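*Asks:*
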Amino acid sequence: MNAQPELLNVSHKLPPASYYDPAWLDKERQQLFGNSWLFGGLETDVPDVGSYKTVKVGLSELVVVRDQEGALRAFHNTCRHRGAQLVQGSGKCKTLVCPYHKWGYGLDGQLRGVAQKNQYSDLNVAELGLHAASVDTWMGLIFVHADDNPQTSLADWLGGLKNELGIFQVDKLQELTRHTFTFPANWKLYIENHVDWLHLWYVHPETLGAFKHDQGERTQYGRHWSSFEQVKDEFRDTESGSDPLKAISHLEHQDPRYLGVGAHFIFPNLPVFTGRGFFATAELIPETPDKTTMDVRIYGVPGGDVDTFLAIFNEITKGEDVAIIESIQKNVRSPRYGVGPITHTLEKAISDFHDNYLALVD
Ligand code: FES
Ligand SMILES: [Fe+2]
Numbered sequence: 000m001n002a003q004p005e006l007l008n009v010s011h012k013l014p015p016a017s018y019y020d021p022a023w024l025d026k027e028r029q030q031l032f033g034n035s036w037l038f039g040g041l042e043t044d045v046p047d048v049g050s051y052k053t054v055k056v057g058l059s060e061l062v063v064v065r066d067q068e069g070a071l072r073a074f075h076n077t078c079r080h081r082g083a084q085l086v087q088g089s090g091k092c093k094t095l096v097c098p099y100h101k102w103g104y105g106l107d108g109q110l111r112g113v114a115q116k117n118q119y120s121d122l123n124v125a126e127l128g129l130h131a132a133s134v135d136t137w138m139g140l141i142f143v144h145a146d147d148n149p150q151t152s153l154a155d156w157l158g159g160l161k162n163e164l165g166i167f168q169v170d171k172l173q174e175l176t177r178h179t180f181t182f183p184a185n186w187k188l189y190i191e192n193h194v195d196w197l198h199l200w201y202v203h204p205e206t207l208g209a210f211k212h213d214q215g216e217r218t219q220y221g222r223h224w225s226s227f228e229q230v231k232d233e234f235r236d237t238e239s240g241s242d243p244l245k246a247i248s249h250l251e252h253q254d255p256r257y258l259g260v261g262a263h264f265i266f267p268n269l270p271v272f273t274g275r276g277f278f279a280t281a282e283l284i285p286e287t288p289d290k291t292t293m294d295v296r297i298y299g300v301p302g303g304d305v306d307t308f309l310a311i312f313n314e315i316t317k318g319e320d321v322a323i324i325e326s327i328q329k330n331v332r333s334p335r336y337g338v339g340p341i342t343h344t345l346e347k348a349i350s351d352f353h354d355n356y357l358a359l360v361d
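So, in structure tokens, the structure goes:
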């Protein structure tokens, strides 16, 4: 990336406990994930009236459902009777019926039916609808928020990144493949590696050797950013300088930088990768402080060699990146673990991530 000559105050700001302490993860779930717009999949995951899917947001369990008018709604997946979950996973229904004692809710969240209603002496049906959460979409991608009236709209949350990555028009692409795996490291270590420009030369000498790391460009949009690198001239139109997917035609007449490889970040937990043939989301879901699930979904145009592309993608992310962060995770409880000086250019994004994180987590 372009060198920044001035010396900035760049440092690693998170304590070791933030990578292994279960109480810290609880705090993150409450303060960070509970106060952010989070990726919740694709609109096509809930295609029809009555289609639903569950999404975990911080400490909250949500259900996203398509209502009678075809609009998306989000509710807390928590029965107002005694708190059981109404639905699991994904599916399609006419009403959301709790399996425990058969309270039934409409697709608008209102309580519609109560089994053995005359056994309750005090039941105000109108006040016992599901607790609402928020859902909105951006080019076919669903985002959810645990609050029914968040302080920031999704449009404001994404800010300028909306236009920058909106070029990819994911709603005109198809999901080509999906790959989910779990690895033994804290979710933040993956983010820190994802935004670390310094490791590109050393962890990916072969797999990303065709790209101009020293001329990459990163653009900050509030908490999020885009970054692009172009193919070295000698690798243009060679196998390692392109990807085996079909080129996306609506990128053809855009700025050529969109045809390079892109590694972007939507705060707090969504790395995004792009290229001339793909847009990929790599959602990071913390299971425990030292166990994270990554849900990779790749969108593009059918007709390319998806298997080969996924093999390369996995080699870079799972094979190379995850291997190195697993080794850090093994050290975080050591009394000798600590982070020394970091570069004020190539690793600055780590420091920026920490600032945005610490603005929400205290
Ligand atoms: S907990 Fe849902 S009906 Fe009783
Ligand atoms: Fe990497």
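Residue 58 in numbering that gives the first Met the number 0 sits at position 59 of the sequence shown, and the numbers go up by one each step. Backbone N, C-alpha and C define an ideal beta-carbon position, used for all residues, glycine too. Only a predicted model underlies this, so the values are computations on that prediction, with no experimental measurement involved.
Which residue's Cα is closest to the Cα of Gln87: Phe74, Lys52 and Gly108?
*Replies:* Of the candidates Phe74, Lys52 and Gly108, the one whose C-alpha sits nearest the C-alpha of Gln87 is Lys52.
*Asks:* Output yes or no for whether 8 Å exceeds the beta carbon distance between Lys55 and Pro183.
*Replies:* Cβ atoms of Lys55 and Pro183: not closer than 8 Å.
*Asks:* Go through its chain and collect everything with a Cβ distance to Lys26's Cβ below 7 Å, but skip five positions before and after it.
*Replies:* Sequence-distant partners of Lys26 (beyond 5 residues in either direction) whose C-beta falls short of 7 Å from its own C-beta, in its chain, are Val360.
*Asks:* For Tyr99, verify whether its CB is less than 7 Å away from any heavy atom of ligand 1.
*Replies:* yes
*Asks:* Examine ligand 1 and report whether any of its heavy atoms sits within less than 7 Å of the Cβ of Trp137.
*Replies:* no
*Asks:* Helix, strand or coil for Leu244 per DSSP?
*Replies:* coil
*Asks:* Does DSSP put Lys171 in a helix, in a strand, or in coil?
*Replies:* Helix at Lys171.
*Asks:* Which full runs of the beta strand (DSSP E) of 3+ residues lie inside the stretch 89 to 140, going along the chain?
*Replies:* Runs found: 89 to 91, 110 to 112 and 131 to 137.
*Asks:* Return the CA-CA distance between Tyr104 and Asp121, expressed in angstroms with no decimal places.
*Replies:* Taking C-alpha positions only, Tyr104 is separated from Asp121 by approximately 18 Å.
*Asks:* If we call anything under 8 Å between Cβ atoms a contact, is Gly365 one with Lys93?
*Replies:* Summary: the structure shown does not reach residue 365, with the chain confined to residues 0 through 361, and so no result is reported for it.
*Asks:* Between Val45 and Lys347, is the Cβ-Cβ spacing less than 8 Å?
*Replies:* no
*Asks:* Can we count Glu251 as close to ligand 2, meaning its CB is less than 7 Å from some heavy atom?
*Replies:* no
*Asks:* Considering only C-alpha positions, which residue in the set Asn117, Gln115, Arg72 and Lys116 is nearest to Leu95?
*Replies:* Arg72
*Asks:* Answer yes or no: do His203 and Ile323 have a C-beta to C-beta separation smaller than 8 Å?
*Replies:* no
*Asks:* Output needed for Leu250: all residues of its chain with C-beta closer than 8 Å, excluding positions within five of it in sequence on either side, in chain order.
*Replies:* When the five nearest sequence neighbours on each side are left out, the beta carbons in the same chain lying within less than 8 Å of the beta carbon of Leu250 are those of Ile166, Phe167, Tyr257, Leu258 and Arg275, in order along the chain.
*Asks:* Would the beta-carbon of Glu314 be found less than 7 Å away from any heavy atom of ligand 2?
*Replies:* Result no, Cβ not under 7 Å from ligand 2.
*Asks:* Are there three or more Cβ pairs, one per stretch, closer than 8 Å when the stretch 306 to 321 is compared with the stretch 132 to 152?
*Replies:* Result no; under three Cβ-Cβ pairs closer than 8 Å.
*Asks:* Within the chosen definition, does the stretch 31 to 46 reach the stretch 62 to 77 through at least 3 CB pairs nearer than 8 Å?
*Replies:* yes
*Asks:* Please list the segments of the beta strand (DSSP E) lying wholly inside the stretch 28 to 69, counting only runs of 3 or more residues, in order along the chain.
*Replies:* Counting only runs of 3 or more, we get 37 to 41, 50 to 56 and 59 to 65.
*Asks:* Relative to the C-alpha of Phe278, which candidate in Asn268, Arg79, Ala262 and Ile284 has its C-alpha closest?
*Replies:* Ala262
*Asks:* At the level of alpha carbons, what is the spacing between Ser17 and Val124?
*Replies:* 43 Å
*Asks:* Mind pulling the beta strand (DSSP E) runs of 3 or more residues that sit fully within the stretch 287 to 358?
*Replies:* 290 to 299
*Asks:* Classify Leu164: buried if its beta carbon has 16 or more other beta carbons within 10 angstroms, exposed otherwise.
*Replies:* buried
*Asks:* Can you check whether the CB of His75 is closer than 8 Å to the CB of Trp102?
*Replies:* no
*Asks:* Could you check which residue in Phe266, Tyr336 and Asp242 has the C-alpha nearest to that of Val260?
*Replies:* Asp242
*Asks:* Any heavy atom of ligand 1 closer than 7 Å to the CB of His75?
*Replies:* No, ligand 1 has no heavy atom inside 7 Å of this Cβ.
*Asks:* Measure from the alpha carbon of Pro296 to the alpha carbon of each residue in Leu172, Ser89, Gln253 and Trp156, then state which is nearest.
*Replies:* Correcting the residue type first, residue 296 is Arg in the shown sequence and not Pro. Cα-wise, what sits closest to Arg296 is Leu172.
*Asks:* Leaving out five residues before and five after Leu197 in sequence, what residues of the same chain have Cβ atoms less than 7 Å from its Cβ?
*Replies:* Once the five neighbours on either side are set aside, the close Cβ partners of Leu197 are Thr342, Leu345 and Glu346.
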